[in-house]
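Shown next, in structure tokens, is the structure this report addresses.
In my numbering, the protein residues as written are 103 to 819.
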């Protein structure tokens, strides 16, 4: 840290301009990242269902439609008027540049499975040229046809329609959220920092973090898929970390100036103390967020890329651009005050009073706080996890309306069939397998080279339709079911089909299997994520504190916070409470597993941020000879205002996400805001002082050999 301080203080203007220049140049590419982001990424590419999908394309030449359209006619689909309207609609779709092929109920032999139960709606399937971008082309089709074409109501569904709807909604929602968050944050920044000049510093660090983060995401998009949801994390964490780090650095600078140090000496001391905390905090947050890279789904991996990128640039901004600016400004950082009086942090005040009150009554406070948090945790006792579908959008969203039409008006999940590939089966073995499959609960019918089988009865008249799917000894079977694919019922059905005994190789794919494999992929990697987070935080916190007990305490308190947050989210998003405050949303009966993992990892990382802010001051005071009790009281007084203010402003940045029309974004904003505020208040103000009082000298204990390791490589020295 002394090396960084020497460079920044020696030539502050050069350091500032070089850093701003590098970020500015990177922004040229970074701002191009928006068009490269994807709205999918929930599937496991190494799973059985993905293998089936790839083999259907390569071996069987199955060209699944990029867009599925439901045409809702005013009369029976077999009437002359409907046929004429269908011909016109098909012609209009085919004339759109980028569309390669259009098939429908009418062109595929008018099978009953492709029309609605009331015979007034029918499917149209659209394929695009390989050169066009699927979501962009879907947007063109939707804009060209509109909601009605020549008297036919047109509904758009399928993966590309879902992706297009999400892209448009999220882009709009981010703009709305930022239009709310930024003005409120600016007002809070003015009161927290006390002057207009100082309040601009976190915006500088946060802005640099966001721009630099966009650049690294752009780099990632050149080699892998990145989810569009990563943008939300970059914007929220960029400003949030900017606020955290700027508060810590500016407060320390004001302290050192109040002690009588010259400006350059005060900046040097700030970098060596608060800067070390920022560096270590950023390292901890980055390591925790990087844990999501172990998941097979690129939706989750994207947050690892985005989180690490924005933390990396924000830390550099706080260690280079911010101290360089302080060196140039000096005491002018306090210019244009909005608060009267001295802005220097005080050693007496409400936080010292609270901590001493808690430590005098450590056991009662601990019991009351844990009982209250236990009540919140209990709300999540019956939690069910799932993955997102079109119901994350509002009920009146076009894609949600279209999906509801498919769900209620059509017989079976024609658009979401179970795809099965068998290898090495004789015709007799295949017939036996198909019969067993058709008898499986929730299976409506089975189609194979034998024909169409319904509950063991096979109609061979439909066998020719599947003849082209027989290649070498691999055969394709399609099963239509009547359950929601992306649900627990879909998982149960997939497991039932995979459980059918067969003397040949069977691979099961389709939407329900994809959902099952994705959930299994998350479940399979979750223990490794917990091990990663547990081991890394314990090692890093030990190197920072030299203590065995404090890292374990920090980890367990964070787990309690996350449990309470999960309970709160279940109360809102499973039970449907407080819609009047958070806006309407569809109840799906489950909590999105991917989204909660994101909330848990980000909240855990930010909680460690605040833990380090507090422990750095407590340890510094304890190393100066103060007792544990006095170190805690004075340390909380010096850091409590920073932690609470940073948490409040960060919560203000996340809370506007509840205005989103996407339930997962709504849950992300609410969950992170709740976890951050809970951690910064109940945990830091009550549980930490109470536990440290009870632990006493054990807070600082470690075996001699570990103390030796700490003395050699401890990052607090």
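Built from N, CA and C at the ideal position, the CB exists for glycine as well.
Here DSSP, grouped into helix, strand and coil, assigns residue 713 to helix. About 13 Å separates the beta carbon of residue 811 from that of residue 642, a gap too long to meet the 8 Å contact definition. In chain order, 258 place their CB closer than 6 Å to the CB of residue 244, counting only its own chain and leaving out the 5 sequence neighbours on each side.
For residue 377, the enclosing alpha helix (DSSP H) starts and ends at 365-392.
By the C-beta criterion, the region 124-134 is judged not to be in contact with the region 180-196, since fewer than 3 inter-stretch pairs fall below 8 Å. With contacts defined by Cβ atoms closer than 9 Å, residue 345 and residue 377 do not form a contacting pair. Per DSSP, residue 525 lies in no alpha helix (DSSP H) segment; the continuous beta strand (DSSP E) that holds it begins and ends at 520-525. Inter-residue distance for residue 372 and residue 647 is about 19 Å (C-alpha atoms, whole angstroms). Closest option to residue 393, judged by alpha-carbon separation, among 712, 713, 406 and 154: 406. In the DSSP assignment, the residues bridged to residue 206 are 226. In the DSSP assignment, residue 547 falls outside any alpha helix (DSSP H) and lies within the beta strand (DSSP E) extending over 545-550. Of the residues 551, 529 and 555, the one whose Cα lies closest to the Cα of residue 537 is 555. By the criterion of a C-beta distance shorter than 6 Å, residue 493 is surrounded in its chain by 688 and 690, once the five residues flanking it on both sides are discounted. Here the region 258-271 lies against the region 168-182, with 3 or more beta-carbon pairs under 8 Å apart. DSSP places residue 582 within a strand segment (E or B) once states are collapsed to three. Annotated as proximal: residue 671 and residue 701, with beta-carbon spacing under 9 Å. Leaving aside the five residues that flank residue 279 on each side, the residues in its chain whose CB is nearer than 8 Å to its CB run, in chain order, 758, 759, 761, 762 and 771. By the beta-carbon neighbour count (other beta carbons within 10 angstroms, threshold 16), residue 715 is buried. In this structure, DSSP gives residue 168 a state outside helix and strand, which the three-state scheme calls coil.
Per DSSP, the unbroken beta strand (DSSP E) holding residue 554 starts and ends at 553-556.
Annotation: the continuous beta strand (DSSP E) that includes residue 257 extends over 254-259. Collapsing the DSSP output to three states places residue 650 in coil. In the DSSP assignment, residue 217 is bridged to 224. 9 Å or more divides the Cβ of residue 271 from the Cβ of residue 138.
The alpha-carbon separation between residue 502 and residue 594 amounts to approximately 24 Å.
The shortest C-alpha to C-alpha distance from residue 401 to any of 333, 482, 341 and 712 is the one to 333.
If the five residues before and after residue 184 are omitted, its C-beta is found closer than 7 Å to the C-beta atoms of 175, 177 and 178, all from its own chain and listed in chain order. Per DSSP, the continuous alpha helix (DSSP H) segment holding residue 130 begins and ends at 114-132. DSSP places residue 352 in the uninterrupted alpha helix (DSSP H) bounded by 332-360. By alpha-carbon distance to residue 186, the top candidate from 253, 678, 695 and 419 is 253.
With a threshold of 16 other beta carbon atoms within 10 Å, residue 213 falls short and is exposed. When C-alpha distances from residue 754 are compared across 738, 773 and 740, the shortest belongs to 773.
Sequence-distant Cβ neighbours of residue 475 in its own chain, meaning closer than 6 Å and more than five residues away, are 662 and 666. Cβ-Cβ distances below 6 Å link residue 207 to 216, 217, 224 and 225 in the same chain, with the five nearest sequence neighbours on each side left out; the list follows chain order. By the C-beta criterion, the region 350-369 is judged not to be in contact with the region 334-341, since fewer than 3 inter-stretch pairs fall below 8 Å.
The Cβ-Cβ distance between residue 454 and residue 268 does not fall below 9 Å.
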